[in-house]
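In case it helps, the numbering used here puts the sequence shown at residues 8 to 548. A virtual CB, placed ideally from N, CA and C, is assigned to each residue, including glycine. Working notes, beginning with the structure itself.
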Amino acid sequence: MRSPCSAIVACVLVLLLHCVNGEDPYRFFTWKITYGIIYPLGVKQQAILINGQFPGPQIDCVTNDNLIISVYNYLSEPFLMSWNGLQHRRNSWQDGVYGTNCPIPPGKNFTYMLQAKDQIGSFFYYPSLGFHKAAGAFGGIKIYSRPRIPVPFPFPAGDHTVLAGDWFKRSHRQLKLILDSGHNLPLPDGLLINGRGWNGYTFAVDQGKTYRFRVSNVGLTSSINFRIQGHTMKLVETEGSHTLQNTYTALDVHLGQSYSVLVTADQPAKDYYVVVSSRFTSPVLTTTAVLHYRNSFTKVSGPIPGGPTTQVDWSLNQARSIRWNLTASGPRPNPQGSYHYGMIKTARTIVLANSAPWINGKQRYAVNSVSFVPGDTPLKLADYFKIGGVFNLGSIPDQPSYGNGYLATSVMSADFRSFVEIVFQNWEDTVQSWHIDGHSFFVVGMDGGPWTPGSRSRYNLRDTVSRSTTQVYPRSWTAIYIALDNVGMWNIRSENWARQYLGQQFYLRVYSPSNSWRDEYPIPKNALLCGRALGHRTRPL
(Lines of atoms letter the chains of each structure in order from A and count residues from 1; the text may use other names and numbers.)
(Lines give C-alpha, C1' and ligand atoms only; values in the text may rest on other atoms or scores of the structure.)
Protein backbone atom coordinates (compact mmCIF):
# COMPACT_ATOMS: atom_id res chain seq x y z
CA MET A 1 0.00 0.00 0.00
CA ARG A 2 1.08 3.58 -0.54
CA SER A 3 1.64 5.60 2.57
CA PRO A 4 -1.14 8.01 3.63
CA CYS A 5 1.20 10.99 3.18
CA SER A 6 2.15 10.11 -0.41
CA ALA A 7 -1.49 9.45 -1.25
CA ILE A 8 -2.53 12.85 0.12
CA VAL A 9 0.16 14.71 -1.84
CA ALA A 10 -0.79 12.90 -5.04
CA CYS A 11 -4.45 13.67 -4.53
CA VAL A 12 -3.86 17.37 -3.99
CA LEU A 13 -1.97 17.51 -7.28
CA VAL A 14 -4.78 15.69 -9.07
CA LEU A 15 -7.38 18.02 -7.62
CA LEU A 16 -5.44 21.07 -8.72
CA LEU A 17 -5.14 19.63 -12.20
CA HIS A 18 -8.89 19.08 -12.21
CA CYS A 19 -9.46 22.79 -11.75
CA VAL A 20 -10.91 22.53 -8.25
CA ASN A 21 -10.96 26.00 -6.82
CA GLY A 22 -7.67 26.39 -4.98
CA GLU A 23 -9.14 29.10 -2.74
CA ASP A 24 -11.56 26.65 -1.14
CA PRO A 25 -10.22 24.79 1.91
CA TYR A 26 -9.10 21.17 1.84
CA ARG A 27 -10.06 18.64 4.48
CA PHE A 28 -8.14 15.37 4.58
CA PHE A 29 -9.38 12.03 5.89
CA THR A 30 -7.65 8.66 6.06
CA TRP A 31 -10.02 5.76 6.65
CA LYS A 32 -9.07 2.17 7.38
CA ILE A 33 -11.88 -0.28 6.57
CA THR A 34 -11.75 -3.40 8.76
CA TYR A 35 -13.98 -6.01 10.31
CA GLY A 36 -14.61 -5.83 14.05
CA ILE A 37 -16.91 -7.21 16.72
CA ILE A 38 -19.91 -5.26 18.02
CA TYR A 39 -22.91 -6.07 20.27
CA PRO A 40 -25.61 -3.54 19.26
CA LEU A 41 -28.56 -5.84 20.06
CA GLY A 42 -26.87 -7.82 22.79
CA VAL A 43 -25.42 -10.52 20.55
CA LYS A 44 -21.95 -10.78 19.08
CA GLN A 45 -21.76 -9.60 15.47
CA GLN A 46 -19.09 -8.91 12.90
CA ALA A 47 -19.37 -5.36 11.55
CA ILE A 48 -17.49 -3.20 9.09
CA LEU A 49 -15.64 -0.49 11.01
CA ILE A 50 -13.96 2.70 9.87
CA ASN A 51 -10.87 3.49 11.93
CA GLY A 52 -12.26 1.06 14.48
CA GLN A 53 -15.53 3.00 14.81
CA PHE A 54 -19.18 2.01 14.39
CA PRO A 55 -20.78 4.17 13.10
CA GLY A 56 -17.92 5.71 11.14
CA PRO A 57 -16.29 9.12 11.66
CA GLN A 58 -18.34 12.26 11.21
CA ILE A 59 -17.50 14.46 8.21
CA ASP A 60 -17.78 18.14 9.13
CA CYS A 61 -17.21 20.66 6.37
CA VAL A 62 -18.32 23.99 4.92
CA THR A 63 -19.89 24.79 1.55
CA ASN A 64 -17.36 24.36 -1.29
CA ASP A 65 -14.78 22.58 0.89
CA ASN A 66 -12.67 19.99 -0.93
CA LEU A 67 -12.79 16.59 0.78
CA ILE A 68 -9.84 14.25 0.24
CA ILE A 69 -10.86 10.86 1.64
CA SER A 70 -8.29 8.09 1.32
CA VAL A 71 -9.98 4.72 1.89
CA TYR A 72 -7.81 1.69 2.70
CA ASN A 73 -9.62 -1.62 2.25
CA TYR A 74 -8.42 -4.16 4.83
CA LEU A 75 -11.37 -6.48 4.15
CA SER A 76 -10.96 -9.77 2.32
CA GLU A 77 -13.40 -8.62 -0.36
CA PRO A 78 -13.90 -5.60 -2.64
CA PHE A 79 -15.42 -2.46 -1.13
CA LEU A 80 -17.06 0.78 -2.29
CA MET A 81 -18.13 3.89 -0.41
CA SER A 82 -20.90 6.22 -1.59
CA TRP A 83 -22.22 9.59 -0.42
CA ASN A 84 -25.98 9.91 0.04
CA GLY A 85 -26.97 13.42 -1.03
CA LEU A 86 -23.60 14.86 -2.06
CA GLN A 87 -24.17 16.03 -5.61
CA HIS A 88 -20.61 15.70 -7.03
CA ARG A 89 -21.01 18.63 -9.37
CA ARG A 90 -19.50 17.70 -12.76
CA ASN A 91 -17.93 14.68 -11.12
CA SER A 92 -19.89 11.42 -11.19
CA TRP A 93 -16.47 9.73 -11.18
CA GLN A 94 -16.59 10.03 -7.37
CA ASP A 95 -20.14 8.72 -6.84
CA GLY A 96 -18.95 5.43 -5.36
CA VAL A 97 -21.54 3.03 -6.77
CA TYR A 98 -20.72 0.10 -9.04
CA GLY A 99 -22.28 1.77 -12.07
CA THR A 100 -19.61 4.47 -11.93
CA ASN A 101 -16.64 3.07 -9.99
CA CYS A 102 -14.61 -0.12 -9.80
CA PRO A 103 -14.54 -1.52 -6.26
CA ILE A 104 -11.45 -1.10 -4.12
CA PRO A 105 -9.71 -4.50 -4.15
CA PRO A 106 -8.71 -6.17 -0.87
CA GLY A 107 -5.46 -4.74 0.44
CA LYS A 108 -5.64 -1.65 -1.79
CA ASN A 109 -6.70 1.94 -1.35
CA PHE A 110 -8.56 4.57 -3.32
CA THR A 111 -8.76 8.28 -2.64
CA TYR A 112 -12.09 10.01 -3.23
CA MET A 113 -11.83 13.66 -4.26
CA LEU A 114 -15.11 15.37 -3.48
CA GLN A 115 -16.27 18.96 -3.24
CA ALA A 116 -19.29 20.15 -1.28
CA LYS A 117 -19.97 22.48 -4.17
CA ASP A 118 -22.87 24.86 -3.54
CA GLN A 119 -24.33 22.59 -0.86
CA ILE A 120 -25.42 22.88 2.73
CA GLY A 121 -27.23 20.52 5.04
CA SER A 122 -27.39 17.02 6.47
CA PHE A 123 -26.37 13.85 4.62
CA PHE A 124 -24.63 10.54 5.25
CA TYR A 125 -22.23 8.09 3.64
CA TYR A 126 -22.55 4.31 3.40
CA PRO A 127 -20.98 1.23 1.75
CA SER A 128 -22.69 0.62 -1.58
CA LEU A 129 -21.35 -2.73 -2.77
CA GLY A 130 -23.34 -5.93 -2.35
CA PHE A 131 -25.02 -5.97 1.04
CA HIS A 132 -22.22 -4.30 3.03
CA LYS A 133 -24.67 -1.64 4.22
CA ALA A 134 -26.12 -4.27 6.57
CA ALA A 135 -22.71 -4.48 8.30
CA GLY A 136 -22.15 -0.82 9.14
CA ALA A 137 -19.52 1.56 7.67
CA PHE A 138 -22.02 4.42 7.55
CA GLY A 139 -21.61 7.87 9.07
CA GLY A 140 -22.95 11.42 9.07
CA ILE A 141 -22.06 14.38 6.86
CA LYS A 142 -22.63 17.96 8.02
CA ILE A 143 -22.16 20.78 5.52
CA TYR A 144 -22.26 24.16 7.25
CA SER A 145 -23.03 27.43 5.51
CA ARG A 146 -20.16 29.79 4.79
CA PRO A 147 -19.81 32.50 7.46
CA ARG A 148 -21.06 35.30 5.20
CA ILE A 149 -24.25 33.43 4.19
CA PRO A 150 -27.18 34.11 6.55
CA VAL A 151 -28.86 31.12 8.19
CA PRO A 152 -32.55 31.50 9.14
CA PHE A 153 -32.13 30.56 12.82
CA PRO A 154 -29.74 31.44 15.66
CA PHE A 155 -26.59 29.34 15.89
CA PRO A 156 -27.49 26.42 18.19
CA ALA A 157 -25.61 25.54 21.37
CA GLY A 158 -24.79 22.10 19.96
CA ASP A 159 -25.17 20.00 16.84
CA HIS A 160 -26.07 16.31 17.27
CA THR A 161 -26.08 13.63 14.58
CA VAL A 162 -28.74 10.92 14.86
CA LEU A 163 -28.10 7.92 12.61
CA ALA A 164 -31.14 5.70 13.10
CA GLY A 165 -32.52 2.67 11.35
CA ASP A 166 -33.37 -0.99 11.41
CA TRP A 167 -30.79 -3.69 12.13
CA PHE A 168 -30.46 -7.45 11.75
CA LYS A 169 -28.68 -9.91 14.00
CA ARG A 170 -27.79 -11.97 10.94
CA SER A 171 -24.56 -11.06 9.17
CA HIS A 172 -24.58 -9.24 5.86
CA ARG A 173 -23.40 -12.47 4.20
CA GLN A 174 -26.38 -14.39 5.60
CA LEU A 175 -28.80 -11.67 4.49
CA LYS A 176 -27.25 -11.63 1.03
CA LEU A 177 -27.63 -15.41 0.83
CA ILE A 178 -31.34 -15.10 1.64
CA LEU A 179 -31.79 -12.63 -1.21
CA ASP A 180 -29.64 -14.61 -3.63
CA SER A 181 -31.72 -17.71 -2.94
CA GLY A 182 -34.85 -15.94 -4.17
CA HIS A 183 -36.49 -14.80 -0.92
CA ASN A 184 -37.21 -11.48 0.73
CA LEU A 185 -35.66 -10.50 4.05
CA PRO A 186 -37.39 -11.27 7.35
CA LEU A 187 -38.50 -8.48 9.69
CA PRO A 188 -35.50 -6.67 11.21
CA ASP A 189 -34.49 -7.71 14.72
CA GLY A 190 -34.45 -4.19 16.12
CA LEU A 191 -33.58 -0.54 15.65
CA LEU A 192 -30.36 1.34 16.43
CA ILE A 193 -29.58 4.94 17.28
CA ASN A 194 -25.96 5.83 16.51
CA GLY A 195 -25.05 2.15 16.52
CA ARG A 196 -26.54 1.45 19.96
CA GLY A 197 -29.58 -0.41 21.18
CA TRP A 198 -32.01 0.39 24.00
CA ASN A 199 -30.90 3.49 25.98
CA GLY A 200 -27.40 2.89 24.67
CA TYR A 201 -26.66 6.43 23.49
CA THR A 202 -26.89 9.74 25.37
CA PHE A 203 -27.35 13.28 24.01
CA ALA A 204 -26.24 15.80 26.65
CA VAL A 205 -27.86 19.26 26.76
CA ASP A 206 -27.83 22.33 29.02
CA GLN A 207 -31.15 23.52 30.35
CA GLY A 208 -32.55 26.51 28.47
CA LYS A 209 -30.36 26.09 25.38
CA THR A 210 -31.34 25.06 21.85
CA TYR A 211 -29.71 22.21 19.92
CA ARG A 212 -29.73 21.01 16.35
CA PHE A 213 -30.48 17.32 15.78
CA ARG A 214 -29.67 15.95 12.30
CA VAL A 215 -31.73 12.80 11.86
CA SER A 216 -30.94 10.33 9.05
CA ASN A 217 -32.63 7.01 8.32
CA VAL A 218 -29.66 4.76 7.51
CA GLY A 219 -31.67 1.54 7.75
CA LEU A 220 -32.25 -1.18 5.18
CA THR A 221 -36.01 -1.74 4.94
CA SER A 222 -38.09 0.42 7.34
CA SER A 223 -39.45 3.94 7.57
CA ILE A 224 -39.06 5.33 11.08
CA ASN A 225 -40.65 7.90 13.38
CA PHE A 226 -38.47 10.16 15.55
CA ARG A 227 -39.60 11.96 18.71
CA ILE A 228 -38.27 13.25 22.05
CA GLN A 229 -40.27 12.78 25.24
CA GLY A 230 -41.75 16.05 26.49
CA HIS A 231 -40.16 18.19 23.77
CA THR A 232 -41.22 19.67 20.46
CA MET A 233 -39.07 19.88 17.35
CA LYS A 234 -38.78 22.82 14.96
CA LEU A 235 -37.94 21.61 11.45
CA VAL A 236 -35.31 23.80 9.77
CA GLU A 237 -33.64 21.78 7.00
CA THR A 238 -33.93 18.67 4.88
CA GLU A 239 -31.19 17.37 2.59
CA GLY A 240 -29.79 20.79 1.79
CA SER A 241 -32.96 22.91 1.82
CA HIS A 242 -34.00 25.31 4.56
CA THR A 243 -37.66 24.63 5.35
CA LEU A 244 -40.54 26.56 6.84
CA GLN A 245 -40.02 26.23 10.58
CA ASN A 246 -43.02 24.12 11.45
CA THR A 247 -43.18 22.52 14.89
CA TYR A 248 -43.73 18.78 15.27
CA THR A 249 -43.98 16.37 18.18
CA ALA A 250 -43.04 13.42 15.96
CA LEU A 251 -41.39 13.22 12.55
CA ASP A 252 -41.53 10.44 9.95
CA VAL A 253 -38.16 9.80 8.29
CA HIS A 254 -38.24 7.43 5.35
CA LEU A 255 -35.36 5.31 4.09
CA GLY A 256 -32.43 7.42 2.95
CA GLN A 257 -33.91 10.72 4.15
CA SER A 258 -32.30 13.32 6.44
CA TYR A 259 -33.82 16.17 8.47
CA SER A 260 -32.57 18.86 10.84
CA VAL A 261 -34.71 19.92 13.80
CA LEU A 262 -34.10 22.43 16.59
CA VAL A 263 -34.90 21.22 20.11
CA THR A 264 -34.92 23.56 23.11
CA ALA A 265 -34.10 22.03 26.49
CA ASP A 266 -36.96 23.91 28.17
CA GLN A 267 -38.32 21.15 30.42
CA PRO A 268 -37.62 20.33 34.08
CA ALA A 269 -34.10 19.03 34.63
CA LYS A 270 -34.21 15.26 34.25
CA ASP A 271 -33.52 12.67 31.58
CA TYR A 272 -35.95 12.05 28.71
CA TYR A 273 -36.43 9.32 26.13
CA VAL A 274 -35.31 9.90 22.55
CA VAL A 275 -37.51 7.45 20.65
CA VAL A 276 -37.29 5.83 17.23
CA SER A 277 -39.99 3.40 16.11
CA SER A 278 -40.66 1.65 12.83
CA ARG A 279 -43.51 2.79 10.59
CA PHE A 280 -45.91 0.67 8.55
CA THR A 281 -44.60 -2.57 10.09
CA SER A 282 -46.26 -5.29 12.16
CA PRO A 283 -45.12 -5.57 14.85
CA VAL A 284 -43.81 -2.05 15.47
CA LEU A 285 -40.16 -1.99 16.49
CA THR A 286 -38.99 0.62 19.02
CA THR A 287 -35.70 1.72 20.53
CA THR A 288 -34.57 4.62 22.68
CA ALA A 289 -31.65 6.87 23.47
CA VAL A 290 -31.43 9.39 26.33
CA LEU A 291 -31.71 13.17 26.31
CA HIS A 292 -29.67 14.05 29.40
CA TYR A 293 -29.91 17.45 31.05
CA ARG A 294 -26.45 18.09 32.48
CA ASN A 295 -27.95 19.35 35.75
CA SER A 296 -30.16 16.26 36.04
CA PHE A 297 -29.91 13.54 38.65
CA THR A 298 -33.14 11.77 37.55
CA LYS A 299 -32.93 8.87 35.13
CA VAL A 300 -35.46 8.23 32.38
CA SER A 301 -38.61 6.57 33.60
CA GLY A 302 -42.25 6.01 32.86
CA PRO A 303 -43.91 4.89 29.65
CA ILE A 304 -42.19 5.59 26.33
CA PRO A 305 -44.14 8.21 24.36
CA GLY A 306 -46.09 6.58 21.59
CA GLY A 307 -45.84 7.45 17.93
CA PRO A 308 -48.56 8.21 15.40
CA THR A 309 -51.61 6.00 15.81
CA THR A 310 -52.73 6.40 12.20
CA GLN A 311 -50.76 5.28 9.21
CA VAL A 312 -50.68 6.75 5.72
CA ASP A 313 -52.98 9.77 6.16
CA TRP A 314 -50.98 11.15 9.11
CA SER A 315 -47.67 10.68 7.31
CA LEU A 316 -48.96 12.07 4.01
CA ASN A 317 -50.34 15.20 5.65
CA GLN A 318 -47.05 15.74 7.46
CA ALA A 319 -45.10 15.32 4.21
CA ARG A 320 -47.27 17.94 2.51
CA SER A 321 -46.63 20.37 5.38
CA ILE A 322 -42.87 20.35 4.77
CA ARG A 323 -42.25 23.41 2.61
CA TRP A 324 -39.37 25.47 1.25
CA ASN A 325 -38.41 28.61 3.16
CA LEU A 326 -38.61 31.02 0.22
CA THR A 327 -36.89 33.91 2.01
CA ALA A 328 -33.95 31.95 3.42
CA SER A 329 -30.64 31.74 1.61
CA GLY A 330 -29.36 28.38 0.50
CA PRO A 331 -25.64 27.81 -0.07
CA ARG A 332 -25.50 31.16 -1.86
CA PRO A 333 -26.63 34.54 -0.52
CA ASN A 334 -29.85 34.66 -2.51
CA PRO A 335 -33.30 33.53 -1.37
CA GLN A 336 -34.27 29.96 -2.22
CA GLY A 337 -37.54 31.31 -3.60
CA SER A 338 -35.70 33.23 -6.33
CA TYR A 339 -35.60 29.97 -8.29
CA HIS A 340 -39.13 29.75 -9.69
CA TYR A 341 -39.20 26.05 -10.53
CA GLY A 342 -42.96 26.10 -11.11
CA MET A 343 -42.61 28.51 -14.04
CA ILE A 344 -40.25 26.25 -16.01
CA LYS A 345 -41.83 24.13 -18.73
CA THR A 346 -40.96 20.46 -18.47
CA ALA A 347 -39.49 18.88 -21.60
CA ARG A 348 -40.33 15.27 -20.78
CA THR A 349 -42.49 13.16 -18.49
CA ILE A 350 -41.09 9.89 -17.15
CA VAL A 351 -43.37 7.52 -15.21
CA LEU A 352 -41.59 4.90 -13.08
CA ALA A 353 -43.61 2.04 -11.63
CA ASN A 354 -42.08 -0.34 -9.08
CA SER A 355 -43.00 -4.02 -9.04
CA ALA A 356 -41.99 -7.28 -7.37
CA PRO A 357 -41.85 -9.94 -10.11
CA TRP A 358 -40.58 -13.48 -9.85
CA ILE A 359 -37.98 -14.05 -12.57
CA ASN A 360 -36.43 -17.46 -13.23
CA GLY A 361 -38.10 -18.76 -10.07
CA LYS A 362 -36.62 -16.10 -7.80
CA GLN A 363 -37.92 -12.97 -6.13
CA ARG A 364 -36.74 -9.85 -7.94
CA TYR A 365 -37.73 -6.17 -7.92
CA ALA A 366 -38.14 -4.00 -10.98
CA VAL A 367 -38.72 -0.54 -12.42
CA ASN A 368 -41.03 -0.42 -15.46
CA SER A 369 -40.73 -4.23 -15.54
CA VAL A 370 -36.91 -4.10 -15.82
CA SER A 371 -34.91 -5.69 -13.00
CA PHE A 372 -31.40 -4.27 -13.06
CA VAL A 373 -28.38 -6.56 -13.26
CA PRO A 374 -24.88 -5.04 -13.08
CA GLY A 375 -22.71 -5.11 -16.18
CA ASP A 376 -19.32 -6.76 -16.25
CA THR A 377 -17.78 -3.26 -16.33
CA PRO A 378 -18.89 -0.09 -14.52
CA LEU A 379 -21.20 1.76 -16.88
CA LYS A 380 -19.38 5.07 -16.58
CA LEU A 381 -16.11 3.44 -17.66
CA ALA A 382 -17.79 1.58 -20.51
CA ASP A 383 -19.30 4.86 -21.69
CA TYR A 384 -16.04 6.78 -21.40
CA PHE A 385 -13.90 4.16 -23.18
CA LYS A 386 -16.69 3.40 -25.71
CA ILE A 387 -16.79 -0.28 -24.78
CA GLY A 388 -19.76 -1.86 -26.54
CA GLY A 389 -22.01 -4.57 -25.21
CA VAL A 390 -22.03 -3.47 -21.55
CA PHE A 391 -25.28 -1.52 -21.74
CA ASN A 392 -27.72 -0.06 -24.24
CA LEU A 393 -29.30 3.36 -23.99
CA GLY A 394 -33.06 3.06 -23.88
CA SER A 395 -32.92 -0.33 -22.19
CA ILE A 396 -35.59 0.90 -19.79
CA PRO A 397 -38.77 2.59 -21.11
CA ASP A 398 -40.03 6.02 -20.04
CA GLN A 399 -43.44 4.57 -19.23
CA PRO A 400 -44.49 1.35 -17.44
CA SER A 401 -45.50 -1.53 -19.64
CA TYR A 402 -47.07 -3.59 -16.82
CA GLY A 403 -45.72 -6.68 -18.53
CA ASN A 404 -43.72 -9.54 -17.09
CA GLY A 405 -40.49 -8.64 -15.37
CA TYR A 406 -37.17 -9.27 -17.10
CA LEU A 407 -33.46 -8.78 -16.40
CA ALA A 408 -31.35 -6.08 -18.08
CA THR A 409 -28.55 -3.62 -17.41
CA SER A 410 -30.98 -0.71 -17.65
CA VAL A 411 -29.78 2.76 -18.65
CA MET A 412 -32.02 5.68 -19.62
CA SER A 413 -30.69 8.53 -21.73
CA ALA A 414 -31.27 12.19 -20.85
CA ASP A 415 -30.06 15.55 -22.11
CA PHE A 416 -27.96 17.95 -20.07
CA ARG A 417 -29.91 20.97 -18.80
CA SER A 418 -33.26 19.36 -19.58
CA PHE A 419 -36.06 20.05 -17.08
CA VAL A 420 -37.99 16.83 -16.50
CA GLU A 421 -41.11 15.62 -14.70
CA ILE A 422 -40.73 12.20 -13.07
CA VAL A 423 -43.68 10.35 -11.56
CA PHE A 424 -43.09 7.45 -9.17
CA GLN A 425 -46.17 5.21 -9.32
CA ASN A 426 -46.52 2.64 -6.54
CA TRP A 427 -49.12 -0.12 -6.98
CA GLU A 428 -47.83 -2.15 -4.04
CA ASP A 429 -49.03 -2.16 -0.43
CA THR A 430 -45.70 -0.97 1.04
CA VAL A 431 -44.08 2.46 1.31
CA GLN A 432 -41.38 3.02 -1.30
CA SER A 433 -38.42 5.37 -1.02
CA TRP A 434 -36.53 6.68 -4.07
CA HIS A 435 -33.18 8.43 -4.38
CA ILE A 436 -31.48 10.11 -7.35
CA ASP A 437 -27.71 10.51 -7.20
CA GLY A 438 -26.10 13.76 -8.30
CA HIS A 439 -29.24 15.89 -8.12
CA SER A 440 -31.82 17.51 -5.91
CA PHE A 441 -35.42 17.66 -7.09
CA PHE A 442 -38.69 19.38 -6.22
CA VAL A 443 -41.40 17.12 -4.76
CA VAL A 444 -44.34 18.82 -6.45
CA GLY A 445 -47.10 16.38 -5.52
CA MET A 446 -48.12 13.12 -3.87
CA ASP A 447 -51.49 11.44 -3.51
CA GLY A 448 -53.30 8.13 -3.55
CA GLY A 449 -54.40 6.14 -6.59
CA PRO A 450 -53.14 6.41 -10.15
CA TRP A 451 -51.34 9.48 -11.47
CA THR A 452 -52.94 11.10 -14.51
CA PRO A 453 -52.14 14.34 -16.36
CA GLY A 454 -55.04 15.84 -14.41
CA SER A 455 -53.06 15.28 -11.20
CA ARG A 456 -50.92 18.27 -12.15
CA SER A 457 -53.73 20.57 -11.04
CA ARG A 458 -52.85 19.59 -7.45
CA TYR A 459 -49.10 20.24 -7.77
CA ASN A 460 -47.36 22.69 -5.46
CA LEU A 461 -45.57 24.95 -7.92
CA ARG A 462 -44.49 27.60 -5.43
CA ASP A 463 -42.78 26.35 -2.27
CA THR A 464 -42.36 22.59 -2.28
CA VAL A 465 -39.14 21.34 -0.75
CA SER A 466 -36.06 20.46 -2.77
CA ARG A 467 -34.34 17.22 -1.74
CA SER A 468 -32.70 14.04 -3.10
CA THR A 469 -34.88 11.27 -1.57
CA THR A 470 -38.66 11.00 -1.56
CA GLN A 471 -41.23 8.51 -0.31
CA VAL A 472 -44.15 7.05 -2.27
CA TYR A 473 -47.03 5.81 -0.14
CA PRO A 474 -48.85 2.50 -0.76
CA ARG A 475 -50.98 2.49 -3.91
CA SER A 476 -50.05 6.13 -4.44
CA TRP A 477 -47.89 8.38 -6.59
CA THR A 478 -45.26 11.04 -6.03
CA ALA A 479 -44.27 13.55 -8.72
CA ILE A 480 -41.04 15.52 -8.90
CA TYR A 481 -39.52 18.20 -11.11
CA ILE A 482 -35.80 17.88 -11.70
CA ALA A 483 -33.26 20.03 -13.53
CA LEU A 484 -30.75 17.66 -15.13
CA ASP A 485 -27.89 20.08 -14.54
CA ASN A 486 -25.18 17.53 -13.72
CA VAL A 487 -23.51 15.55 -16.50
CA GLY A 488 -22.70 11.94 -15.66
CA MET A 489 -23.99 8.41 -15.13
CA TRP A 490 -26.34 8.66 -12.14
CA ASN A 491 -27.99 5.93 -10.09
CA ILE A 492 -31.78 6.11 -9.54
CA ARG A 493 -32.67 3.51 -6.93
CA SER A 494 -34.93 2.23 -4.24
CA GLU A 495 -33.55 3.07 -0.79
CA ASN A 496 -34.98 -0.23 0.45
CA TRP A 497 -31.69 -2.06 0.21
CA ALA A 498 -33.17 -5.49 -0.49
CA ARG A 499 -35.13 -4.03 -3.40
CA GLN A 500 -32.10 -2.13 -4.67
CA TYR A 501 -29.96 -5.27 -4.46
CA LEU A 502 -32.55 -7.34 -6.33
CA GLY A 503 -32.94 -4.95 -9.22
CA GLN A 504 -35.06 -1.94 -8.31
CA GLN A 505 -32.63 0.59 -9.72
CA PHE A 506 -31.31 1.89 -13.02
CA TYR A 507 -28.91 4.53 -14.33
CA LEU A 508 -29.66 7.88 -15.92
CA ARG A 509 -27.03 8.99 -18.41
CA VAL A 510 -27.11 12.79 -18.47
CA TYR A 511 -25.21 13.65 -21.62
CA SER A 512 -23.55 16.76 -23.00
CA PRO A 513 -21.93 16.66 -26.47
CA SER A 514 -19.57 19.53 -25.65
CA ASN A 515 -16.92 17.33 -23.99
CA SER A 516 -15.98 20.37 -21.91
CA TRP A 517 -14.54 20.51 -18.39
CA ARG A 518 -17.16 23.17 -17.70
CA ASP A 519 -19.75 20.41 -17.94
CA GLU A 520 -17.86 17.44 -16.50
CA TYR A 521 -14.41 16.81 -15.08
CA PRO A 522 -12.22 14.31 -16.95
CA ILE A 523 -11.55 10.85 -15.63
CA PRO A 524 -9.32 11.05 -12.53
CA LYS A 525 -5.71 9.97 -12.84
CA ASN A 526 -6.23 7.58 -9.92
CA ALA A 527 -9.36 5.94 -11.35
CA LEU A 528 -9.48 2.20 -10.73
CA LEU A 529 -10.02 0.09 -13.84
CA CYS A 530 -11.72 -3.30 -13.94
CA GLY A 531 -13.75 -5.57 -16.19
CA ARG A 532 -13.35 -4.75 -19.87
CA ALA A 533 -11.83 -1.38 -18.96
CA LEU A 534 -8.65 -3.12 -17.83
CA GLY A 535 -5.75 -2.20 -20.08
CA HIS A 536 -7.24 1.15 -21.06
CA ARG A 537 -5.41 4.27 -20.04
CA THR A 538 -6.88 7.35 -18.44
CA ARG A 539 -6.61 10.33 -20.74
CA PRO A 540 -3.56 12.52 -19.99
CA LEU A 541 -4.52 15.83 -18.42
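- Distance from the CA atom of His238 to the CA atom of Asp278, rounded to whole angstroms, is 12 angstroms.
- Following the DSSP letters along the chain, one finds His442 inside the beta strand (DSSP E) bounded by residues 439-443.
- Scanning the region 34-89 from its first residue to its last, the whole beta strand (DSSP E) runs of 3-plus residues come out as 52-57, 66-69, 73-80.
- Three or more pairs of CB atoms, one per stretch, sit closer than 8 angstroms, so the region 127-135 contacts the region 238-258.
- Judged by DSSP secondary structure, Leu198 falls within the beta strand (DSSP E) whose first and last residues are 197-200.
- The three-state secondary structure of Pro460, taken from DSSP, is helix.
- Within 10 angstroms of the beta-carbon of Ile329 lie 16 or more other beta-carbons, which makes it buried.
- Where Tyr391 is concerned, the enclosing alpha helix (DSSP H) starts and stops at 386-391.
- When the five nearest sequence neighbours on each side are left out, the beta carbons in the same chain lying within less than 6 angstroms of the beta carbon of Ala142 are those of Ala54, Ile55, His179, in order along the chain.
- DSSP lists no beta-bridge partner residue for Gly368.
- Take Ser473, set aside five residues on each side of it, and the residues of its chain with a beta-carbon closer than 6 angstroms to its own are Ser248, Ser447, Phe449, in chain order.
- Within its own chain, the residues whose Cβ lies closer than 7 angstroms to the Cβ of Thr353, once the five positions on either side in sequence are excluded, are Phe426, Val427, Glu428, Tyr488, listed in chain order.
- In this structure, Thr476 places its C-beta atom within 8 angstroms of the C-beta atom of Ser440.
- In the three-state reduction of the DSSP assignment, Asn91 falls in the strand class, which pools E and B.
- Sequence-distant Cβ neighbours of Val104 in its own chain, meaning closer than 6 angstroms and more than five residues away, are Ser89, Ser135, Asn498.
- Taking the Cα positions, Arg465 is about 11 angstroms away from Ala486.
- In this model, Val494 and Trp38 are separated by some 29 angstroms (Cα to Cα).
- Sequence-distant partners of Arg506 (beyond 5 residues in either direction) whose C-beta falls short of 6 angstroms from its own C-beta, in its chain, are Tyr372.
- Counting only runs of 3 or more residues that sit fully inside the region 106-134, the beta strand (DSSP E) segments are 116-122, 128-134, in chain order.
- In this model, Pro310 and Ile235 are separated by some 13 angstroms (Cα to Cα).
- Beta-bridge analysis with DSSP links Ala296 to Val281.
- Looking from the CA of Leu269, the closest CA among Leu386, Val169, Asp436 belongs to Val169.
- Across the set Gly344, Val158, Tyr132, Asp526, the C-alpha of Tyr132 shows the shortest separation from the C-alpha of Asn91.
- Residue state for Arg327 is assigned as helix, using DSSP reduced to three classes.
- Counted as a single uninterrupted DSSP element, the alpha helix (DSSP H) harbouring Tyr508 occupies residues 504-508.
- Every unbroken stretch of the beta strand (DSSP E) spanning 3 or more residues and falling wholly within the region 461-529 is given here in chain order: 476-479, 483-490, 495-501, 512-518.
- Judged by beta-carbon spacing, Pro457 lies within the 8 angstroms limit of Gln432, meaning their Cβ atoms are closer than that value.
- Between Asp31 and Asn58, the C-beta spacing is not below 8 angstroms.
- Beta-bridge pairing by DSSP links His249 to Glu244.
- When C-alpha distances from Thr217 are compared across Phe160, His95, Thr271, Val397, the shortest belongs to Thr271.
- By the Cβ rule, the region 221-232 counts as touching the region 161-176, because three or more pairs are nearer than 8 angstroms.
- Here the region 304-324 makes contact with the region 278-289; the two share three or more CB pairs at distances below 8 angstroms.
- Contact between the region 388-401 and the region 205-215 is absent, with fewer than three C-beta pairs closer than 8 angstroms.
- Residue state for Ile231 is assigned as strand, using DSSP reduced to three classes.
- The continuous alpha helix (DSSP H) containing Ile185 extends over residues 179-187.
- Counting only residues of its own chain and dropping the five nearest sequence neighbours on each side, Gly344 has a CB closer than 6 angstroms to the CB of Leu333.
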